[in-house]
Every structure is written in C-alpha cells, then in structure tokens.
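In what follows, a single structure is set out as structure tokens and then discussed.
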Ligand code: FES
Ligand SMILES: [Fe+2]
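In my numbering, the protein residues as written are 1136 to 1590.
Listed below in structure tokens is the structure:
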C-alpha cells in the first residue's frame, strides 16, 4: 500500500516526465478497498480529520497576482475557521486568524477588500498589515498592557517561486512539517509552467451537499470519464490517463487529441477548439490555433493533498480550493487565470469546458453522497491501476487519522494542532481550561473513544 512512509523518492519525483510512471507497482497492490463509508458521514470522523489532517497540512489558498497593492486582502472560512490573507507594505503576503485579540470579534468583515488599517468594529482596536496592534481606545494608561503581545494571531505561510500561496494552521510546539518536505519535488515540477504569463480572469464557487472525500474520490481517477464525461472523452485520449502518486501530491496525465489537427486535408469536424468544445470550423483553423496557444504543452495537473488542485493548460490555469464545511457539506472554489492576451472567445471556451466537466462531477457527488448517508454500503473494490490515485489519497487520509487518533488516545484528550497559544492569563486560566478539558474528555476516554468513532 502507498503511504506517506512508502512514498516514491525525491529522485523519482523530479525525474518524472508527463505520462511517465515512476512509481513502484508493488506499492499499490490489487485488492484495495475504499475506506468504510462511515468516514463519509460521521461527525466525529470529520472532526478528527480536521485535527489530524487539515490542521497539519499545507493548504493552497491563493495566487500572489491577485494582491495588487498593500492592504489588499481576501477572507476565507475553512472548516469554520475564519482567516484572511493580506499584502503588507513590504509586498509580502501575510495570513492571520480573523479574530480580534481583544474579545474575538472578526476584524475583517468582507470577503475581499483593501485597507492598510484593520479596525475592529466592536471596541475600536486596530492593527496594521503586519498584524501588529496599533491602538485601542482608552488603553493608553492601562498598566500591564503589552502592545507587542496583542497583535493578530499569525498563520504560517509559504509562497512558492510561482506565487502560489499555501498556509498551515499547525500551531503546536513542534510545528508543521516544512513545506519542502511535505511537498517534496512539487516546486521543481511547477517550473515546467510559466505562471508569470497568466493573469487573473475569474472565480466561481459551487456549494455541494457531499463530503470532501466524495469529491476527491472522483477527482483522483478518470476511470469514470468515458461514462460520465462524454465531452472530455472527445478531447482527450482517455486510455492514456494516468495518475502518478508522488509523496503528498499526485500528477495526472492524459494526452490531448489536438495533435490530430495536423492532418493536411481541411474538413469540418463535429467538435473543435482546444478541448473538443465549441463551434465547427475548418481543421486548418485549428492548426493556426494550436500555434497560438502554446505548442505541444501537454498540461500540468497536480493534486495537492488533501483537497487542492492546480491544473495548468496552455490557454489557462486554474486552482481548486475545497473547503469542507461539515461531513456532508463542501464548498468548491475555482480561480481561473488566463494567458495574457488570450482572445475573449478562447477564455470563454476554456471556462465553458471547465464548468461542463465540473457540473457533471458535481452531480455524481450529490447522488453518491445520498447513498453513502444511508449507511447500507460499506466499502468497494478499487481497480489497482485505474483507481490508483484513490488508493493513494485514501491511504494518506487513513495514515494521518490513525496516527493522530493514537496520539489522542495516549494523551487521553483531543489534540488540536491549530489551537492558539494561551495568552498571559496566568495560572488561573490554565486551571479553568483544565476544568473544561476534563469535561470534554469524558467523551474521549480511551475505553469508549474507539466505540464512539465507530472504528
Ligand atoms: S473585540 Fe475587537 S475591539 Fe473588542
Ligand atoms: Fe470527473
């Protein structure tokens, strides 16, 4: 079985070319089954996934090109946690929990905006773009109040050479695994694509009544494509579809059919354009179009564990940000960046192509989740090659959940790596926290905990 521990080496990762399968077939044995369906609807598993996976992983959030000037910010809700990214006066991207340090009111109230002064509208405390406390009405002469201790809670960030911004909520004493280790080889592979030649085009959002894994299950294979995506299957050679697991990310590959346009005889075809969509036109037009949009580039499609995707084509690249809200509610956010100077008609063609496929996937997820929620189905047999990506990511889920569960059992209480450091509330705060923890932990007794989780 593939797992974080048995992932391919960095050498294999960086040497891989599109379509080249460098993984060890022994790592994915025939006979793999899906995880039990209870993991797709249980509240407790969802909460455990939050602590075990999402509070420890590097999560793709945005691209630097969408932040034009100091003070530009974007706010997000991730598993109930409110946070925002903001560009500071030095041009760096900072991330903060959207929690006023005074009494926890949200500091940023719009989904996006621009301000170099972040003022809280509860009692009027304010902060700068570095999250530093700047002033609070009538606090000037309060003794023992230390301004330096009252800035916004920062969140770790990593910005890749390509301007891809990742965050990590892990605030535990040991801290998160470094980005370069978590996604070993990823940044090097992204060098194959010139992100600087693209500009922000549009975003859209889908609100789905399904578990985040229901979406990832479909995302991690194209075994379903010939039946569920007829249009996509016209545009790509589906028999070449391959998912290559690489540590904590996976590269998807499929040959596009555009090379067929090189036929000498102009003739009408049913579907045209970059992805097999669009109006009929002369084949000769298609050859011209091929020259315009970037030659033989076959695409760079990356799944980033646990819930993100960066998919690069010649005319555009787009990101998928999957925001789990509850066991059966997930929000999908798409940001599309098109090649500079791309004609509007081609931008539209790309967006139409993308949305058609997403709608087909969305429908699959909604109907599958309804059946999963019934609790009748338990597990299913996965194809060792065609569904290898599913086995790969579900194993990562399983490994991280089991490891964290064992830690919590040993500790006798829940461990939330994202918990923010206690303020200087002193010994009494610790004592009062302890009372609360003891009450919560009555439900986390190792003897009963496993039963509750329907392990
Ligand atoms: S909660 Fe923000 S100023 Fe009081
Ligand atoms: Fe699909």
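Each residue gets a CB set at the ideal place from its N, CA and C atoms; glycine is no exception.
None of the values given here were measured: they were computed from a predicted structure.
Go ahead and label residue i buried or exposed: buried means 16 or more other beta carbons lie within 10 angstroms of its beta carbon, across all protein chains shown.
| i | result |
| --- | --- |
| residue 1273 | exposed |
| residue 1110 | Look at the range of the chain in this structure, 1136 to 1590, and you will see that residue 1110 is not part of it. |
| residue 1196 | buried |
| residue 1451 | buried |
| residue 1513 | exposed |
| residue 1504 | buried |
| residue 1424 | For residue 1424, the predicted structure reports a pLDDT of 41, less than 50, and the residue's modelled location is therefore unreliable. A value from the coordinates is still provided. With 16 or more other Cβ atoms within 10 Å, it is buried. |
| residue 1370 | buried |
| residue 1437 | buried |
| residue 1200 | exposed |
| residue 1364 | buried |
| residue 1337 | exposed |
| residue 1376 | buried |
| residue 1331 | exposed |
| residue 1457 | buried |
| residue 1379 | buried |
Report yes if the C-beta of residue i is less than 7 Å from at least one heavy atom of ligand 1; otherwise report no.
| i | result |
| --- | --- |
| residue 1266 | no |
| residue 1259 | yes |
| residue 1238 | yes |
| residue 1389 | no |
| residue 1360 | no |
| residue 1255 | yes |
| residue 1357 | no |
| residue 1235 | yes |
Shortest alpha-carbon distance to residue i belongs to which of the options?
| i | options | result |
| --- | --- | --- |
| residue 1186 | 1214, 1200, 1342 | 1214 |
| residue 1267 | 1198, 1451, 1251 | 1251 |
| residue 1226 | 1245, 1360, 1202, 1254 | 1202 |
| residue 1467 | 1489, 1343, 1570, 1369 | 1343 |
| residue 1355 | 1317, 1484, 1521, 1275 | 1521 |
| residue 1482 | 1392, 1565, 1335 | 1335 |
| residue 1171 | 1556, 1549, 1517, 1573 | 1517 |
| residue 1547 | 1241, 1530, 1533, 1569 | 1569 |
| residue 1448 | 1465, 1462, 1477, 1460 | 1477 |
| residue 1475 | 1257, 1333, 1239, 1555 | 1333 |
| residue 1308 | 1565, 1550, 1564 | 1550 |
| residue 1490 | 1239, 1441, 1366, 1565 | 1366 |
Roughly how far, in whole angstroms, is the beta-carbon of residue i from the beta-carbon of residue j, given that I think they are within contact range, below 8 Å?
| i | j | result |
| --- | --- | --- |
| residue 1206 | residue 1221 | 7 Å |
| residue 1293 | residue 1314 | 4 Å |
| residue 1299 | residue 1445 | 7 Å |
| residue 1352 | residue 1525 | 6 Å |
Would you say residue i touches ligand 2, meaning its beta carbon is less than 7 Å from a heavy atom?
| i | result |
| --- | --- |
| residue 1457 | no |
| residue 1352 | no |
| residue 1594 | For residue 1594 there is no data in the structure shown, the boundaries of the chain being 1136 and 1590. |
| residue 1372 | no |
| residue 1495 | yes |
| residue 1385 | no |
| residue 1492 | yes |
| residue 1364 | yes |
Length at least 4, wholly inside the stretch 1280 to 1321: the alpha helix (DSSP H) runs in chain order: 1314 to 1317
Whole beta strand (DSSP E) elements within the stretch 1318 to 1352, 3-residue minimum: 1333 to 1343
Ignoring anything shorter than 4 residues or poking outside the stretch 1501 to 1548, list the alpha helix (DSSP H) runs there in chain order. 1523 to 1546
To test your reading of the DSSP string, which unbroken alpha helix (DSSP H) runs of 4 or more residues are found completely within the stretch 1174 to 1206? 1178 to 1184
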